[in-house]
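First the structure, in the form of structure tokens, and then the observations on it.
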Amino acid sequence: MISLSRALDVSTSALASHLRGWAGTTAFRPAKSQPVQPIILYEMENCPYCRLVRETLTTLDLDAEIRPCPKGGTRFRPEAQSLSGRAQFPLMVDPNTGRQLLESADIVDYLHATYGEGGKTARGLLRRLRVASSYSATAMRPARGYRARSSRAPEKPLELDSCESSP
Ligand SMILES: N[C@@H](CCC(=O)N[C@@H](CS)C(=O)NCC(=O)O)C(=O)O
2 MISLSRALDV
12 STSALASHLR
22 GWAGTTAFRP
32 AKSQPVQPII
42 LYEMENCPYC
52 RLVRETLTTL
62 DLDAEIRPCP
72 KGGTRFRPEA
82 QSLSGRAQFP
92 LMVDPNTGRQ
102 LLESADIVDY
112 LHATYGEGGK
122 TARGLLRRLR
132 VASSYSATAM
142 RPARGYRARS
152 SRAPEKPLEL
162 DSCESSP
């Protein structure tokens, strides 16, 4: 039988996806080419800006290596900070082109331009609405993925087939 805490977990996660209009469900603009080496994304699970980038990875159907950087994380967070010179996420590194970008809107534009069919993400009211709905999705699960817990690193990266909106 499903426990109450599990039911709450799935419900808040589904609500978060709902607040984003289930963006990041369908690859309706699949990439015209796949990166030879996976794109690297340093991110925080509960960061509204990181969610917008992860949604774009789904929309373009791109392979990416996700490097989680929760508060207190010791595995990837220091690496990201030394790369960009600050603690700001998302940070994208594309080993195929040598590009490194910090701002979520710039990362989304870069992914569409490099692997999709171009087009710029909205910067005005639509962008503010997107960010606001992504904040409200985070508010559904404010502490989830925020702070690191101790763990043992796997020998090889774990493979996860997923789409960003899946609760
Ligand atoms: N303008 C940036 C904002 C990014 C931002 O504010 N990220 C926050 C998390 S939501 C951050 O990196 N905070 C550092 C931290 O929490 O350690 C973007 O659009 O990417």
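Residue numbers (this note's numbering): 2 to 168. Backbone N, C-alpha and C fix where the C-beta goes; we use that ideal spot for every residue, glycine too. Every value quoted in this text rests on a predicted model; they were computed, and no experiment measured them.
Helix, strand or coil at residue i [DSSP, three-state]
{"i": "Met93", "result": "strand"}
{"i": "Ile67", "result": "strand"}
{"i": "Gln174", "result": "Missing from the structure shown is residue 174; the chain here goes from 2 to 168 and no further."}
{"i": "Ile3", "result": "coil"}
{"i": "Tyr116", "result": "helix"}
{"i": "Leu161", "result": "coil"}
{"i": "Arg100", "result": "strand"}
{"i": "Tyr50", "result": "helix"}
Contact test: residue i Cβ vs ligand 1 heavy atom, cutoff 7 Å
{"i": "Ala149", "result": "no"}
Residue i and residue j closer than 8 Å at C-beta
{"i": "Ile41", "j": "Pro79", "result": "no"}
{"i": "Gly89", "j": "Leu103", "result": "Looking at the sequence shown, residue 89 is not Gly but Gln. Yes."}
{"i": "Gly146", "j": "Leu61", "result": "no"}
{"i": "Leu53", "j": "Ala32", "result": "no"}
{"i": "Thr26", "j": "Ser166", "result": "yes"}
{"i": "Ser18", "j": "Pro168", "result": "yes"}
{"i": "Arg68", "j": "Tyr43", "result": "yes"}
Below-8 Å beta-carbon distance, residue i vs any chain D residue
{"i": "Thr98", "result": "The structure shown contains no chain D, having only a single protein chain."}
Length of the line joining the Cα atoms of residue i and residue j
{"i": "Glu66", "j": "Ile3", "result": "32 Å"}
{"i": "Lys1", "j": "Ser34", "result": "Since the first residue of the chain shown is 2 and the last is 168, residue 1 is not available in this structure."}
{"i": "Gly120", "j": "Tyr136", "result": "24 Å"}
{"i": "Thr139", "j": "Asn47", "result": "6 Å"}
{"i": "Arg128", "j": "Gly86", "result": "26 Å"}
{"i": "Arg100", "j": "Ala114", "result": "13 Å"}
{"i": "Glu156", "j": "Ala8", "result": "32 Å"}
{"i": "Thr59", "j": "Arg142", "result": "21 Å"}
{"i": "Ala149", "j": "Ala28", "result": "31 Å"}
Where the beta carbon is closer than 5 Å to any heavy atom of ligand 2, which residues qualify, in chain order? Ligands in the displayed structure: ligand 1; ligand 2 is not one of them.
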